[in-house]
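Protein sequences, first through last, are from chains A and B. Per UniProt numbering: the first sequence = residues 1 to 272. Per UniProt numbering: the second sequence = residues 1 to 272.
2 protein chains.
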Amino acid sequence: MAAERGGLRDLEVMVDLLWRTHRPGTRGPRGSLSVDRIVAAAIEIADAEGLGGVSMRKVAERLGVTTMSLYRYVPRKDDLLDLMFEAASGQPDTTDWPDDWRGRLTAYASGCRKLFLRRPWMLDIGISGPPMGPNNLMWMEVVLASLVDTGLDEGDMVGVLMILSGYAMNEARQEVSMRRAAPLTGVTYEEWGEVYGKMLARVVDDGRYPTVARVVRSGAFDAGSGNADEDFAYGVGFILDGVAALIRERGGSDTAQAVRDPQGAGERPAGR
Amino acid sequence: MAAERGGLRDLEVMVDLLWRTHRPGTRGPRGSLSVDRIVAAAIEIADAEGLGGVSMRKVAERLGVTTMSLYRYVPRKDDLLDLMFEAASGQPDTTDWPDDWRGRLTAYASGCRKLFLRRPWMLDIGISGPPMGPNNLMWMEVVLASLVDTGLDEGDMVGVLMILSGYAMNEARQEVSMRRAAPLTGVTYEEWGEVYGKMLARVVDDGRYPTVARVVRSGAFDAGSGNADEDFAYGVGFILDGVAALIRERGGSDTAQAVRDPQGAGERPAGR
DNA sequence: GACTTGGGTATACACCATACACAGTTTTAA
DNA sequence: TTAAAACTGTGTATGGTGTATACCCAAGTC
């Protein structure tokens, strides 16, 4: 499905869809459907069967209407997918976020990851552009706002955002793909590292991959061996160390922040 | 298509496919096709029409055979996609890579990015697991090997690899999606930042997104305004600064490496 | 020679997104 | 009051998709 995504798409229309800004057009009969109901139905299916289970037919069926009636509300299926992504993102819940930038960015990253782990199908939707919906923009807002007092300029902030969100998405994708493979291959997520190692061992020990072989043997790929959450936090901490260094370089008030830092930043979990 | 990827898949078979290790089975007639030819044909189509143009029928047509004959060589279309990804990756060309870890990681990242920009359809293939093919493993090998003398342990090395490759992929994805949107929306990649800003301005200035509004106004999103390559290099440099800090923390020989560092690491391009 | 194995084919199925024309309903304009 | 216009949902149709199944035939083994 992701193949041609982003190819043909009217930006203005999409923005109207994302923000539900629509001339109601008071002429004809009031529609029985709504973008909200369609998206909700599609999300229910995706939650139950994965993104592959989402077809226009099935969405329409669930709503008790014909397939084609959906097209009165959504121009193309790909647009529906974008709307699903936006809706499933929801507003970030920042109620128990700490006050310092480091804590907030940590919370953001783990919030992203949890979201993707809860709704793995979101990872199957190819992002067709920068965030434009209210929810995704709010996620963006909370990150950027966390960095606003650090002395970083806007370009830095965007860079940090991209690196962090990219990492969260990547880690989630990795974990999800392993969990998905589990049912058939019969290897659970926790055993994956071992299996991966065995798989590679059959093939890698020809001297062309000495470092890979060494790393595999070291057990560094045993993803689930330790706590996956800890591994993730370690990676995030690593990135945030970089951010701290950048802040220092830009002459920002890093020390003040560092003192307030609640987690042992450079410390990495024993398992890794 | 990407929906159910990784769901049902026999790992052993896939490894055999990726490494072309197959009992030739000398009994029946020698096949006129081969995995190589099939993958090559599929890649030609993807290069010309994008991943959406790749169907089993069209691949078969191009090879002058029936659709179903392909299934004698490739169990499922998703497997063919994985094989395409592996084949298109090719072996990394490290001939003019520098010797220091920083230079090598920089070269790796930009090699990744260039690869994805040259073959955007690779980004549309959902990664179904860790790298297992000879080419992708070699990419992994060259990165890990670059870090082997830095004092980082294996877990660190894997973490660095994931962050860096994830960033490269993400940046490429962003750029590709903008370029793809260009034909219809009429906005070129270079104008995207401006358009994005205008789009958001219509909707964002309600006080709920003060930081986003500010960042948009600052022009930080004007992706093409400066040199995209420079922007990317800046992000990579930022990550590598973090790596350097980690090396220092682990007691590795960072100073020696830093001296050999060919690029002004912390320096960021003016455009950003 | 009989038998096994595997390659390529033909057919068929279920499903997909979506283009198009139309019927019914509601509001607006004349 | 009437006619036009706008809008919603339906039915039908088109041209695709991945792949299961059964088949025929060539090539090697016994």
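Yeah, the Cβ is synthetic: ideal placement off N, Cα and C, and Gly gets one too. As the structure is a prediction and not an experimental result, all values here were calculated from the model.
- Message: Within 8 Å of any Cβ in chain B, is that where the Cβ of A/P130 sits?
- Response: Working through the first sequence from its first residue, we reach residue 130 of chain A at position 130. Nearest CB-CB separation between A/P130 and chain B: below the 8 Å threshold.
- Item | Contacting residues, own chain, Cβ-Cβ under 8 Å from A/G64 (five flanking each side not counted) | The residue you call residue 64 of chain A lines up with position 64 of the first sequence. Excluding sequence neighbours, A/G64 sits near nothing in its chain.
- Task: Work out the CA separation of B/P210 and B/P134 for me, nearest whole Å.
- Result: For the purposes of this step, residue 134 of chain B is identified with residue 134 of the second sequence, where counting begins at 1. For the purposes of this step, residue 210 of chain B is identified with residue 210 of the second sequence, where counting begins at 1. If you take the alpha carbons of B/P134 and B/P210, they lie about 48 Å apart.
- Message: Any beta carbon from chain A within less than 8 Å of B/L17's own beta carbon?
- Response: As a working mapping, residue 17 of chain B is identified with position 17 in the second sequence. Not closer than 8 Å to any Cβ of chain A, the Cβ of B/L17 fails to qualify, so no.
- Inter-residue CB distance, B/I127 and A/R173 (contact presumed, cutoff 8 Å): Walking along the second sequence from the start, residue 127 of chain B turns up at place 127. Walking along the first sequence from the start, residue 173 of chain A turns up at place 173. About 7 Å separates the two Cβ atoms, so the contact holds.
- Item | Cα-Cα separation, A/R102 to A/G242 | On the first sequence, residue 102 of chain A is found 102 positions in, with the first residue counted as 1. On the first sequence, residue 242 of chain A is found 242 positions in, with the first residue counted as 1. Rounded to the nearest angstrom, the two C-alpha atoms are 11 Å apart.
- Residue ranges of each alpha helix (DSSP H) run of no fewer than 4 residues wholly in the segment 1-78 of chain B, ordered along the chain? 11-19, 35-49, 56-63
- Item | Stretch-stretch touch, CB-based, cutoff 8 Å, three pairs: the segment 81-92 of chain B with the segment 147-160 of chain A | no
- Would DSSP call B/F116 helix, strand or coil? Taking the first residue of the second sequence as 1, we reach residue 116 of chain B at position 116. Helix, per DSSP.
- What are the start and end residues of the alpha helix (DSSP H) that includes B/Y196? Indexing the second sequence from 1 puts residue 196 of chain B at position 196. B/Y196 -> alpha helix (DSSP H) spans 192-204.
- Could one say the Cβ of B/T150 lies closer than 8 Å to chain A's Cβ atoms, at least one of them? Against the second sequence, residue 150 of chain B aligns to sequence position 150. By this cut-off, B/T150 is not an interface position.
- Query: From B/C112 to A/R27, what does the alpha carbon distance come to, in whole angstroms?
  - Reply: Looking up residue 112 of chain B in the second sequence gives position 112. Looking up residue 27 of chain A in the first sequence gives position 27. About 54 Å.
- Query: Are the segment 71-90 of chain B and the segment 8-17 of chain B in contact at 8 Å, needing three or more beta carbon pairs?
  - Reply: Short answer: they touch.
- Provide the residue span of the alpha helix (DSSP H) that contains B/R214, from first to last. In the second sequence, the residue the question calls residue 214 of chain B occupies position 214. B/R214 -> alpha helix (DSSP H) spans 210-218.
- Task: Please compile the residues from chain B whose C-beta is within a distance smaller than 7 Å of the C-beta of A/E141.
- Result: Along the first sequence, one-based indexing puts residue 141 of chain A at 141. Those are Y209, T211, V212, listed as they occur along chain B.
- Can a CB atom of chain A be found closer than 8 Å to the CB of B/Y73? Position 73 of the second sequence, counted from the start, is the residue given in the question as residue 73 of chain B. So no, B/Y73 is outside the interface.
- Task: Provide the residue span of the alpha helix (DSSP H) that contains B/I247, from first to last.
- Result: For the purposes of this step, residue 247 of chain B is taken as residue 247 along the second sequence, with counting starting at 1. DSSP places B/I247 inside the alpha helix (DSSP H), whose first and last residues are 228-249.
- Can you tell which of A/L80, A/P131, A/F85, A/W139 has its C-alpha closest to the C-alpha of A/Y108? In the first sequence, the residue the question calls residue 108 of chain A occupies position 108. Looking only at A/L80, A/P131, A/F85, A/W139, the smallest Cα-Cα distance to A/Y108 is reached by A/W139.
- Query: With burial defined as no fewer than 16 other Cβ atoms inside 10 Å of the residue's Cβ, what is the status of B/D36: buried or exposed?
  - Reply: Along the second sequence, read from residue 1 onward, the residue named residue 36 of chain B stands at position 36. Per the 10 Å Cβ criterion, exposed.
- Whether B/G166 touches A/G25 by CB criterion (8 Å): Taking the second sequence and counting its residues from 1, the one referred to as residue 166 of chain B is at position 166. Taking the first sequence and counting its residues from 1, the one referred to as residue 25 of chain A is at position 25. Their beta carbons are not under 8 Å apart, which means B/G166 does not touch A/G25 by this criterion.
- Message: Suppose the cutoff is 6 Å on Cβ atoms and the five residues either side in sequence are ignored; what does the same chain contact list for A/W97 look like?
- Response: Translated into the one-based positions of the first sequence, residue 97 of chain A becomes position 97. Only R104, A107 meet the Cβ criterion.
- How many angstroms separate the CA atom of B/F221 from the CA atom of A/V215? Reading the second sequence from its first residue, position 221 is the one you call residue 221 of chain B. Reading the first sequence from its first residue, position 215 is the one you call residue 215 of chain A. When rounded, the distance between both Cα atoms is 39 Å.
- Environment of residue 302 of chain B [buried if 16+ CB atoms lie within 10 Å]: Given a span of 1 to 272 for chain B in the structure shown, any question on residue 302 of chain B remains unanswerable.
- Task: Go ahead and pull the three-state DSSP assignment for A/L152.
- Result: If you number the first sequence from 1, residue 152 of chain A lands on position 152. It is coil, neither helix nor strand.
- Within this structure, are the beta carbons of B/L164 and B/I247 separated by less than 8 Å? Here residue 164 of chain B refers to the residue found at position 164 of the second sequence. Here residue 247 of chain B refers to the residue found at position 247 of the second sequence. In this structure, B/L164 lies away from B/I247, with their beta-carbon atoms at least 8 Å apart.
- Give the residues of chain A in contact with B/N170, contact being defined as C-beta atoms less than 7 Å apart. Position 170 of the second sequence holds residue 170 of chain B. Per Cβ cutoff of 7 Å: M162, G166.
- Message: Does residue 276 of chain B pass the burial test, meaning 16 or more other C-beta atoms within 10 Å, or should it be called exposed?
- Response: Lying outside 1 to 272, the shown extent of chain B, residue 276 of chain B is not represented and no answer is given.
- Query: Buried or exposed: which applies to B/S146, given that a residue is buried once 16 or more other Cβ atoms fall within 10 Å of its Cβ?
  - Reply: Reading the second sequence from its first residue, position 146 is the one you call residue 146 of chain B. Classification for B/S146: buried.
- Task: Assign B/P130 to one of three DSSP states: helix, strand, or coil.
- Result: What you label residue 130 of chain B is simply residue 130 of the second sequence in a count that begins at 1. Coil, per DSSP.
- Could you give the distance in angstroms between the alpha-carbon of B/V143 and the alpha-carbon of B/M178? Here the question's residue 143 of chain B lines up with position 143 in the second sequence. Here the question's residue 178 of chain B lines up with position 178 in the second sequence. Taking the straight line joining both Cα atoms gives about 29 Å.
- Given B/D100 as reference, the closest of B/M132, B/D149, B/M84 once Cα atoms are compared: Counted from its first residue, the second sequence places residue 100 of chain B at position 100. It is B/D149.
- Query: Taking Cβ-Cβ distances below 7 Å as the criterion, which residues of the UniProt domain "HTH tetR-type" (32-92) of chain A are in contact with chain B?
  - Reply: G50, L51, G52
- Indicate whether B/M122 and B/A88 have their beta-carbon atoms separated by less than 8 Å. By 1-based counting over the second sequence, the position of residue 122 of chain B is 122. By 1-based counting over the second sequence, the position of residue 88 of chain B is 88. Yes. Within cutoff.
- Take the Cβ of B/D229 as the centre, count every other Cβ of all protein chains shown within 10 Å, and call the residue buried at 16 or more, exposed below. By one-based count along the second sequence, residue 229 of chain B stands at place 229. Classification of B/D229: exposed, given that the 10 Å Cβ count is below 16.
- Item | Under 9 Å by beta carbon: chain A residues contacting B/I247 | For the purposes of this step, residue 247 of chain B is identified with residue 247 of the second sequence, where counting begins at 1. Simply none; closest approach about 12 Å.
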